[in-house]
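The structure appears below as structure tokens.
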Amino acid sequence: MSPLFNSIIANIFVSLISLIGAIALFRNKLGSTQFISVLVSFAAGVMLGASFFDILPEAFEELDTTRVLTWTLTGIIVSFLLERFLLWHHHQHHHHEDAHDIKPSAYLVLFGDAIHNLVDGIAITASFLVSPAIGITTTIAIAAHEIPQELADFSILLHAGMKKNRALLYNFLTALTAVLGALTSYLFLSSFETFIPLALSFTAGMFIYIALADLIPDLHHSHGSYLNIAQSLPFIIGILLMMMIVNSTPHSQEHEDEEVFPEDYVVEDVNKSFFNDNSVQKHQD
């Protein structure tokens, strides 16, 4: 089977498996205010953990510190400006009741999640172009990341006022952007090589902004010792969960694959020759 076919199947698998938690939440009707607040706390921890333990470290492997931090700050600034615009638009259109009831943070989550899934699709395709073994390993690692991430995103959409069926649909559509990433990266992979770390840094900035500016402040509105514990523990668990997943799965192709695949140096040489074939020919001339 071709790498393109394998990558599309893998991305569809990730898109479906990542929605298991959201579907379970939807069918069991666990959308109570207190339960959603617990999931929002968990979501804040997952977003911060994913940003600082996974997304940013991968960006730092490809870019210098200044460029990574610049694009991370750009993600924060753009998120702020988008939220201000959506908030203004939100208050200017009172005649659309459904849209009026949805907080701007919901659209930021969908936009950021779409970018994140798009990059995941690119990463899966790139790994299958190197070898099926690395492709399968990368798919498993990304699926492990996406299950808590999609569950967290679904809880944020509910918290923002979106109806369950609409939140489930939008969450699934953003997950399918991974397939779009697979198709486009297969055709134009060499041009995406420099785009990936920039997109990762930008996405990390968006996730950091959402966690610190939208989710955590909302948790401070609840009072009481029981609620304080019920909301603090999921936040810490979300951070620790992402830390454990990152440390136990070879999500990074250039760093952690050295321990999983002893022949990584050969794979790395093949990978470099695949992306830089033109430059190698110039050196030979």
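Residue numbers for the sequence shown follow the working numbering, beginning at 30 and rising by one. Yeah, the Cβ is synthetic: ideal placement off N, Cα and C, and Gly gets one too.
Exercise. Straight-line CA distance for Ser-44 to His-249?
Worked result: Approximately 33 Å between the Cα atoms of the pair.
Exercise. Can you tell me whether DSSP reads Ala-204 as helix, strand or coil?
Worked result: Ala-204 sits in a helix when the DSSP states are folded into three classes.
For this session: Out of Phe-114, Gly-164, Ser-66, state which residue places its alpha-carbon closest to the alpha-carbon of Ile-153.
Result: It is Gly-164 whose Cα lies nearest to the Cα of Ile-153.
Exercise. Looking at the C-beta of Leu-85, does it have a partner C-beta in chain B at a distance below 8 Å?
Worked result: Of the chains in the structure shown, none is chain B; there is only one protein chain.
Exercise. With 16 other CB atoms within 10 Å as the buried threshold, where does Ser-277 fall?
Worked result: By the 10 Å Cβ count, Ser-277 comes out exposed.
For this session: Give the range of the alpha helix (DSSP H) segment to which Asp-83 is assigned.
Result: In this chain, Asp-83 is not harboured by any alpha helix (DSSP H), its DSSP state being neither H nor E.
Exercise. Cβ of Ile-266 within 8 Å of Cβ of Phe-71?
Worked result: Closer than 8 Å, so yes.
For this session: Could you have a look at His-188 and say whether DSSP puts it in helix, strand or coil?
Result: His-188 falls in the helix class under three-state DSSP.
Problem set entry | Delimiting residues of the alpha helix (DSSP H) encompassing Leu-235 | With the sequence shown as reference, residue 235 is identified as Met, and Leu is not the correct amino acid for it. Annotation for Met-235: the continuous alpha helix (DSSP H) segment containing it runs 224-238.
Problem set entry | Rounded distance between the beta-carbons of Gly-141 and Phe-217, thought under 8 Å | With a Cβ gap of about 23 Å, Phe-217 and Gly-141 do not count as contacting.
For this session: Tell me where the alpha helix (DSSP H) around Ser-36 begins and ends.
Result: From DSSP, the alpha helix (DSSP H) with Ser-36 extends over 32-46.
For this session: Measure the alpha-carbon distance for Leu-209 versus Gly-150 and round it to whole angstroms.
Result: Distance between the alpha carbons of Leu-209 and Gly-150 is about 7 Å.
Problem set entry | Reference Val-97; option with closest CA among Met-271, Leu-262, Leu-227, Met-272 | Answer by Cα proximity: Leu-227.
Exercise. CB Ile-316 to CB Val-138, shorter than 8 Å?
Worked result: Because the chain here runs from 30 to 314, residue 316 falls outside it and cannot be looked at.
Exercise. Are Ile-105 and Gly-234 close, meaning C-beta to C-beta below 8 Å?
Worked result: The Cβ atoms of Ile-105 and Gly-234 sit closer than 8 Å to each other.
For this session: Taking Leu-68 and Ala-242 to be in contact with their CB atoms under 8 Å, please state how far apart those CB atoms are, rounded to whole angstroms.
Result: Not really, about 18 Å apart at Cβ, beyond 8 Å.
For this session: Tell me whether the beta-carbon of Ala-143 lies closer than 8 Å to the beta-carbon of Thr-206.
Result: Taking 8 Å as the Cβ cut-off, Ala-143 and Thr-206 qualify as a contacting pair.
For this session: With a cut-off of 8 Å on the beta carbons, I'd call Ala-189 and Ser-230 a contact; round off their distance for me.
Result: No, Ala-189 and Ser-230 are not in contact; Cβ-Cβ is about 25 Å, not under 8 Å.
For this session: Note down the Cα distance separating Ser-31 from Phe-201, rounded to an integer number of angstroms.
Result: Rounded to whole angstroms, Ser-31 and Phe-201 show a C-alpha spacing of 26 Å.
For this session: Could you check which residue in Ser-36, Gln-63, Ala-39 has the C-alpha nearest to that of Ala-259?
Result: Looking at the Cα atoms, Gln-63 is the closest of the given residues.
Exercise. So Pro-246 and Gly-74 are in contact, right, with Cβ under 8 Å, and what is the actual spacing, rounded?
Worked result: Beta-carbon to beta-carbon, Pro-246 and Gly-74 are separated by about 15 Å, too far to satisfy the 8 Å threshold.
Problem set entry | Own chain residues within Cβ distance below 7 Å of Ile-41, not counting five before or after | For Ile-41, where only same-chain residues beyond five positions count, the Cβ hits under 7 Å are Val-208.
Problem set entry | Reduced DSSP secondary structure (H/G/I, E/B, other) of Glu-288 | Any reading at Glu-288 must be qualified, since the residue scores a pLDDT of 42, below 50, and its modelled position is unreliable; the value itself is stated next. Helix at Glu-288.
For this session: State buried or exposed for Ala-39, treating a residue as buried only when at least 16 other CB atoms are found within 10 Å of its CB.
Result: Classification for Ala-39: buried.
Problem set entry | For Pro-161 and Asn-35, believed in contact at Cβ under 8 Å, the rounded distance | Contact flag correct, Cβ pair sits at about 6 Å.
Problem set entry | CB of Leu-77 within 8 Å of CB of Ile-268, strictly | Yes, these two residues count as a Cβ contact at 8 Å.
Exercise. If you compare alpha carbons, which of Thr-101, Ile-225, Tyr-136 is closest to Glu-112?
Worked result: Minimum Cα distance to Glu-112 is reached at Tyr-136.
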